[in-house]
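Take the sequence shown: its letter number 21 is residue 24 in our numbering, and every next letter is one higher.
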Amino acid sequence: MLNSWKDQLEGFVASAGERTPTELINGIRDIGVAMGHDAGEALLNSHPELFAYRPMLTRTFIEMVHAQDVAEIRQMLEVRQPASFGQIAAKETTIGVMSSKDAYKRLDEVFEHVDFSRCTNAVMVGCGGRPFTMFRIHDQTPVFEIIGLDVVADAVETANI
C-alpha cells in the first residue's frame, strides 16, 4: 500500500509545473489526509528519497503564503474606517491553506495563558507578511509598541505594503 501512496504522491509532484502553488500544496495535503498520519510517517521512513522534494515544496509554500499575504493586505488597505484586524480579516481564502480569520482566532489560547497587562513593548520574531499575532496583540492588549521581525525579505516587504 505504501508504494501506491508513493506513486500517487510522486505523480502529483511531477505535475507541479502545471499547478498553482495553492493547488500543489493543497493537493499534497489532501493525499496526506487520505493516507493518514501513520501511513504518512511509514512512507517517509521507508522512502527517505521523498525528502528530495523538500526544497521545491518549501519554495512553493513560501510563494503561496506570499501571494495570500499580498492579496489580503491589499484588501485591508482598502478599508477606510478604523477597524481591528479581527473585524476585517478574510474569513475564507482561495489562495492559501488558512484564512486570516482562522489564523487570528487560533491565537485564542495564547490570551488565556499570557498576561499582557504590564507589557508595554513586544517583539514578534517571524512576523510574516500578515502578522496575525502582532495584530491580535494590538487589538486585545495595552501594548504600546509592537515590532515585527522576519528573515524572509518578502514577508517584511509585504507587511510594509
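Ideal Cβ positions, reconstructed from N, Cα and C, are used throughout, including at glycine.
- Task: Could you pull out every residue in the same chain whose Cβ sits closer than 6 Å to the Cβ of residue 87, ignoring the five residues on either side in sequence?
- Result: Within the sequence shown, numbered from 1, the residue matching residue 87 stands at position 84. Here the set comprises 142.
- Residues near residue 104 by beta carbon distance below 7 Å, same chain, minus five either side: Here residue 104 refers to the residue found at position 101 of the sequence shown. Contacts found: 92, 93 and 94.
- Helix or strand or just coil, what does DSSP make of residue 31? To locate residue 31, count along the sequence shown from 1; it is residue 28. Note: residue 31 maps to helix in three-state DSSP.
- Nearest residue (CA-CA) to residue 52, options 10, 30 and 36: Here residue 52 is taken as the residue at index 49 of the sequence shown, counted from 1. For the residues 10, 30 and 36, the minimum Cα distance to residue 52 belongs to 10.
- Query: residue 34: which of 96, 14 and 49 sits nearest, CA to CA?
  - Reply: Taking the first residue of the sequence shown as position 1, residue 34 is located at position 31. Selected option, being the one with the closest Cα: 14.
- Would you call residue 67 buried or exposed, if buried means 16 or more other Cβ atoms sit within 10 Å of its Cβ? Numbered from 1 along the sequence shown, position 64 holds the residue referred to as residue 67. Looking at its Cβ environment, which holds 16 or more other Cβ atoms inside 10 Å, residue 67 is buried.
- residue 60 versus residue 108 - alpha carbon distance: Here residue 60 is taken as the residue at index 57 of the sequence shown, counted from 1. Here residue 108 is taken as the residue at index 105 of the sequence shown, counted from 1. Their Cα atoms are separated by approximately 27 Å.
- Boundaries (first-last residue) of the beta strand (DSSP E) holding residue 150: The residue you call residue 150 lines up with position 147 of the sequence shown. Run containing residue 150: 148 to 152, per the beta strand (DSSP E) assignment.
- residue 92 by DSSP, collapsed to three states: which one? Within the sequence shown, the letter at position 89 stands for residue 92. Three-state DSSP puts residue 92 in coil, outside helix and strand.
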